[in-house]
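Enquirer: Respectively, the protein sequence lines represent chains A and B. Under UniProt numbering, think of the first position of the first sequence as 1, with each following residue one higher. Under UniProt numbering, think of the first position of the second sequence as 1, with each following residue one higher.
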Amino acid sequence: MTAPLLEVNNVTMRFGGIVANRNVNFCVEKGKITALIGPNGAGKTTMFNCITGFYRASEGNILLHGEDGTQDIGGLITRPITGGSHLATRAGIARTFQNIRLFREMSVVENLLVAQHRQTANNLLSGVFSTPTYRRAEREAVDRAYYWLERMHLAGDANRLAGELPYGRQRRLEIARAMCTSPKLICLDEPAAGLNPAETRELSEVLQILRADHDLTVLVIEHDMGLVMRISNHIVVLDHGEVISDGTPEHVANDPAVIAAYLGVSEEEVQ
Amino acid sequence: MDFYILAQQLINGITLGTIYGLIAVGYTMVYGVIRMINFAHGDVYMVSAYVAAIVLAVISFFGIQSVPFALISILIITCFVTAVYGWAIERVAYRPLRGSTKLAPLISAIGISLMLQSYVQIAQGARDQGVPILIQGALRFGGEEHFAQITYMQAIILIASLVAMGILTYVINHTRIGRQCRATQQNRQISAVLGVDTDRIISTVFVIGASTAAVGGTLVTFNYGSFNFFIGFVMGIKAFTAAVLGGIGSLPGAVLGGILLGLTEALFAGYVSTDYKDVFAFGLLIVLLFFRPYGLLGRPEIQKV
Chain A
1 MTAPLLEVNN VTMRFGGIVA NRNVNFCVEK GKITALIGPN GAGKTTMFNC ITGFYRASEG
61 NILLHGEDGT QDIGGLITRP ITGGSHLATR AGIARTFQNI RLFREMSVVE NLLVAQHRQT
121 ANNLLSGVFS TPTYRRAERE AVDRAYYWLE RMHLAGDANR LAGELPYGRQ RRLEIARAMC
181 TSPKLICLDE PAAGLNPAET RELSEVLQIL RADHDLTVLV IEHDMGLVMR ISNHIVVLDH
241 GEVISDGTPE HVANDPAVIA AYLGVSEEEV Q
Chain B
1 MDFYILAQQL INGITLGTIY GLIAVGYTMV YGVIRMINFA HGDVYMVSAY VAAIVLAVIS
61 FFGIQSVPFA LISILIITCF VTAVYGWAIE RVAYRPLRGS TKLAPLISAI GISLMLQSYV
121 QIAQGARDQG VPILIQGALR FGGEEHFAQI TYMQAIILIA SLVAMGILTY VINHTRIGRQ
181 CRATQQNRQI SAVLGVDTDR IISTVFVIGA STAAVGGTLV TFNYGSFNFF IGFVMGIKAF
241 TAAVLGGIGS LPGAVLGGIL LGLTEALFAG YVSTDYKDVF AFGLLIVLLF FRPYGLLGRP
301 EIQKV
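#1: Check whether chain B comes within 7 angstroms of G127(A), counting only Cβ atoms and requiring the distance to be less than that.
#2: Per DSSP, what kind of secondary structure is L203(A) in: helix, strand or coil?
#3: Rounded to whole angstroms, what is the Cα-Cα separation between S226(B) and G111(B)?
#4: To the nearest angstrom, how far is the alpha carbon of F103(A) from that of G195(B)?
#5: From the DSSP output, in three-state form, read off D199(B) for me.
#6: Suppose the cutoff is 7 angstroms on Cβ atoms and the five residues either side in sequence are ignored; what does the same chain contact list for G142(B) look like?
#7: Look up Q124(B) in the DSSP assignment and say whether it is helix, strand or coil.
#8: Quick check on DSSP: helix, strand or coil for D215(A)?
#9: Count the other C-beta atoms from every protein chain shown that fall within 10 angstroms of the C-beta of K102(B), then say buried if there are 16 or more, exposed otherwise.
#10: Taking beta-carbon pairs under 9 angstroms, can you tell me which members of the region 101 to 115 of chain A lie near chain B?
#11: Report the residue from V287(B), S60(B), N12(B), M46(B) whose alpha carbon sits nearest the alpha carbon of Y119(B).
#12: Look up F227(B) in the DSSP assignment and give the residues it is bridged to.
#13: By DSSP's criteria, E242(A) is part of a beta bridge. Which residues make up the other side?
#14: I need the straight-line Cα distance from residue 344(B) to R139(A), nearest angstrom please.
#15: Does the region 222 to 238 of chain B touch the region 195 to 210 of chain B, meaning 3 or more C-beta pairs lie closer than 8 angstroms?
#16: Any residues in the region 63 to 85 of chain A with a beta carbon nearer than 7 angstroms to a beta carbon of chain B? Which ones, in chain order?
#17: Using the three-state DSSP reduction, which class does Q8(B) fall into: helix, strand or coil?
#18: Measure the C-alpha to C-alpha separation of V305(B) and G226(A) and round it to an integer number of angstroms.
#19: Let me know the secondary structure DSSP gives E67(A) once reduced to three states.
#20: State yes or no: is the beta carbon of L207(A) nearer than 7 angstroms to at least one beta carbon in chain B?
#21: Beta carbon of G295(B), beta carbon of G253(B): below 7 angstroms?
#22: Closer than 8 angstroms is the cut-off here; do at least three beta carbon pairs connect the region 279 to 289 of chain B with the region 231 to 248 of chain B?
#23: How would you list, in chain order, the residues of chain B whose beta-carbon sits under 9 angstroms from the beta-carbon of T181(A)?
#24: Suppose you measure from the CA of L263(B) to the CA of D275(B); what does that come to, to the nearest Å?
#25: When the Cα of E231(A) is compared with those of L195(A), T200(A), A260(A), which residue comes out closest?
#26: Kindly list, in the order they appear in chain A, the residues whose Cβ is closer than 8 angstroms to that of V171(B).
#27: Taking L112(A) and R22(A) to be in contact with their CB atoms under 8 angstroms, please state how far apart those CB atoms are, rounded to whole angstroms.
#28: According to DSSP, simplified to helix, strand and coil, what is N49(A)?
#29: Can you tell me which of the three DSSP states C187(A) falls into?
#30: Taking all protein chains shown into account, do 16 or more other C-beta atoms lie within 10 angstroms of the C-beta of S66(B), making it buried, or fewer, making it exposed?
#31: Have a look at V92(B), A88(B), A52(B), W87(B) and flag the residue whose alpha-carbon is nearest the alpha-carbon of S73(B).
#32: Just to confirm, is the Cβ distance from Y85(B) to A269(B) under 7 angstroms?
#33: Just confirm the distance between the C-beta atoms of V25(B) and L267(B), as a whole number of angstroms; I'd bet it's less than 8 angstroms.
#34: Look at V218(A) and L203(A) and say whether their C-beta atoms are less than 7 angstroms apart.
#35: Identify the contact partners of T45(A) in chain B, using a Cβ-Cβ distance below 8 angstroms as the criterion.
Here it is, written out as structure tokens:
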């Protein structure tokens, strides 16, 4: 067993009186594909929002173990003065959304350039005077953007408006954009939603390539069980905000608690 | 003959309009990123007029005679000082309220507006202040009796505004920070998820808005030669109107709205009545908004889910 990249410890998330997640514990192993599954309303996206720094978990902590030490995501976003969601991204966590959220009125390549935060000379004056450092950083950013466009087979669309692309390509662009933040961990929220079977197959290939060639760890929420079983190394099942099963695809597929949650068997029958 | 009157009113209107446009930029950009009307913006403009006068006094104290040098250094220093004001106002009065209701920063803005007025009134006196007119003379077209003229100061206003707008357009469309501004304007949350420090971008927008207002403030000060602590109010309202007219949130819209408002005022004043020029200009605004509720270049706001 390799070391975990992300550790979720006893996370509880409350919205007023509603408990969206209760005492969630799981690990995401480095270089593996972990799937987060569960029926609708199980709290998967809320969990994602905590991990990616959108929300501060009410209780518990989420730790990202990088080469440069361990960072507490909740601590990053509530850090005084300089804190914010962007720090989770800068720590190495990228994400995509259930409903695609691109900058629709910017070109495809600009979408990728915005995502590149590891840039020097990022201020008003360096841009106006186009300093050498600025130009070098800008060139590198454009190169990286085109690299990902090619990997995602989008190079031909570089100068189109993002909002004009067909749906499947928008999905790929969102992944490309997330990759431009140079993440250690990429969190994909239902990446196959709305894709046709061919596109879904293509997506699973892309995910395998990302993992194999780019040393990336993937955390994915997905309803397409065929896809989940095919690509994941590790599955965590949530139901009513709690983890009900955690293990390999075979283990989870045969776990009576999971079958009950999905098929709606009564409590007594499970025990 | 009539032609010269028309030409003269067009020149006056466009000059006035570019000033409205410069100040409207601050309204429109701030609205774009945080969906808030910065009511203190007009007073930031007023502060810049005072700063320009003080810088002029300091420069003449050092015995600098060259007018172009004086004007350029006044512009740069005023921009810088006013930008600090803009930055500080956002930091102190708006950012702490960002997670709050929509109304809270609005009230805070009104508070800042009153505070700046009182502060300048106490520190600088309530009387009108004056600066010497640095540049006199005009370029004349036409004969002895009938002519149109563009004063050198008006020409400078047009050129300086054009340069300022040019720089701004370049920054927004072609630099990284401009790209981040546009991204933040489209969706602040997603920009943050991509690693953009949106708080910093919002500060930058305030700095840009305050410096363009300072360009306007400096130019107006040296054009008219007099100002007081209350000039920010009317100018602020008109620039805001220009921003709404052009479509709030749109940068070219702010300039277009400004010029349109300036032209309407000047033409009405020239041909009909000076007293009713504001009534007419704002009446026109109402009619226009009736047919184009989002302004000339604005787009309907898409409800985000």
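Just so you know, even glycine gets a beta-carbon here, dropped at the ideal spot from N, CA and C.
Expert: The structure says:
#1: Counting from one through the first sequence, the residue named residue 127(A) turns up at place 127. G127(A) counts as touching chain B.
#2: Working through the first sequence from its first residue, we reach residue 203(A) at position 203. Residue state, collapsed to three classes: helix.
#3: What you label residue 226(B) is simply residue 226 of the second sequence in a count that begins at 1. What you label residue 111(B) is simply residue 111 of the second sequence in a count that begins at 1. Roughly 26 angstroms between the two C-alpha positions.
#4: Position 103 of the first sequence, counting from 1, holds the residue named residue 103(A). Position 195 of the second sequence, counting from 1, holds the residue named residue 195(B). Whole-angstrom Cα-Cα distance: 14 angstroms.
#5: By 1-based counting over the second sequence, the position of residue 199(B) is 199. In the structure shown, D199(B) sits in a helix (DSSP, three-state: H, G or I).
#6: Taking the second sequence and counting its residues from 1, the one referred to as residue 142(B) is at position 142. Same-chain partners within the cutoff: Y4, A148.
#7: For the purposes of this step, residue 124(B) is taken as the residue at position 124 of the second sequence. Q124(B) falls in the helix class under three-state DSSP.
#8: Taking the first sequence and counting its residues from 1, the one referred to as residue 215(A) is at position 215. Of the three classes helix, strand and coil, the one that applies to D215(A) here is coil, per DSSP.
#9: Here residue 102(B) corresponds to residue number 102 of the second sequence, with the count starting at 1. Exposed, since its Cβ has fewer than 16 Cβ neighbours within 10 Å.
#10: R101, L102, F103, R104, E105, M106, E110, N111, L113, V114, A115
#11: The residue given as residue 119(B) occupies position 119 in the second sequence. The option with the nearest alpha carbon to Y119(B) is M46(B).
#12: Counted from its first residue, the second sequence places residue 227(B) at position 227. The partner list for F227(B) (beta bridge, DSSP) reads Q129(B).
#13: As a working mapping, residue 242(A) is identified with position 242 in the first sequence. In DSSP, E242(A) forms a bridge with D239(A).
#14: Residue 344(B) lies beyond the residue range present for chain B, which begins at 1 and ends at 305; the question has no answer from this structure.
#15: no
#16: G84, S85
#17: As a working note, residue 8(B) is residue 8 in the second sequence. Helix at Q8(B).
#18: Numbered from 1 along the second sequence, position 305 holds the residue referred to as residue 305(B). Numbered from 1 along the first sequence, position 226 holds the residue referred to as residue 226(A). Because V305(B) sits at a pLDDT of 38, beneath the cut-off of 50, its placement in the model cannot be relied upon, and the following sentence gives the value as read from the coordinates. The straight-line gap from Cα to Cα measures roughly 29 angstroms.
#19: By one-based count along the first sequence, residue 67(A) stands at place 67. E67(A): coil per DSSP, three-state reduction.
#20: Start at 1 with the first residue of the first sequence, and residue 207(A) comes out as number 207. So, not an interface residue.
#21: By 1-based counting over the second sequence, the position of residue 295(B) is 295. By 1-based counting over the second sequence, the position of residue 253(B) is 253. Yes, these two residues count as a Cβ contact at 7 angstroms.
#22: yes
#23: Translated into the one-based positions of the first sequence, residue 181(A) becomes position 181. The contacting residues are V193, L194, G195.
#24: As a working note, residue 263(B) is residue 263 in the second sequence. As a working note, residue 275(B) is residue 275 in the second sequence. Near 16 angstroms, if we compare the C-alpha coordinates of D275(B) and L263(B).
#25: Numbered from its first residue, the first sequence carries residue 231(A) at position 231. Residue identity check: residue 231(A) is Ile in the sequence provided, not Glu. The shortest C-alpha separation from I231(A) is found at T200(A).
#26: Here residue 171(B) corresponds to residue number 171 of the second sequence, with the count starting at 1. L124, G127, V128, listed in chain order.
#27: Locating residue 112(A) in the first sequence gives position 112, where the first residue counts as 1. Locating residue 22(A) in the first sequence gives position 22, where the first residue counts as 1. That pair is no contact at about 38 angstroms.
#28: On the first sequence, position 49 is the one that residue 49(A) refers to. Helix.
#29: Here the question's residue 187(A) lines up with position 187 in the first sequence. Three-state DSSP puts C187(A) in a strand.
#30: Taking the first residue of the second sequence as position 1, residue 66(B) is located at position 66. Label assigned to S66(B): exposed.
#31: For the purposes of this step, residue 73(B) is taken as residue 73 along the second sequence, with counting starting at 1. Minimum Cα distance to S73(B) is reached at A52(B).
#32: Translated into positions along the second sequence, residue 85(B) becomes position 85. Translated into positions along the second sequence, residue 269(B) becomes position 269. Taking 7 angstroms as the Cβ cut-off, Y85(B) and A269(B) do not qualify as a contacting pair.
#33: Position 25 of the second sequence, counted from the start, is the residue given in the question as residue 25(B). Position 267 of the second sequence, counted from the start, is the residue given in the question as residue 267(B). Between L267(B) and V25(B) the Cβ distance is about 24 angstroms, and since that is not below 8 angstroms, they are no contact.
#34: Counting from one through the first sequence, the residue named residue 218(A) turns up at place 218. Counting from one through the first sequence, the residue named residue 203(A) turns up at place 203. The answer is no: Cβ separation not under 7 angstroms.
#35: Position 45 of the first sequence, counted from the start, is the residue given in the question as residue 45(A). Here the premise fails: no neighbours, minimum Cβ distance about 13 angstroms.
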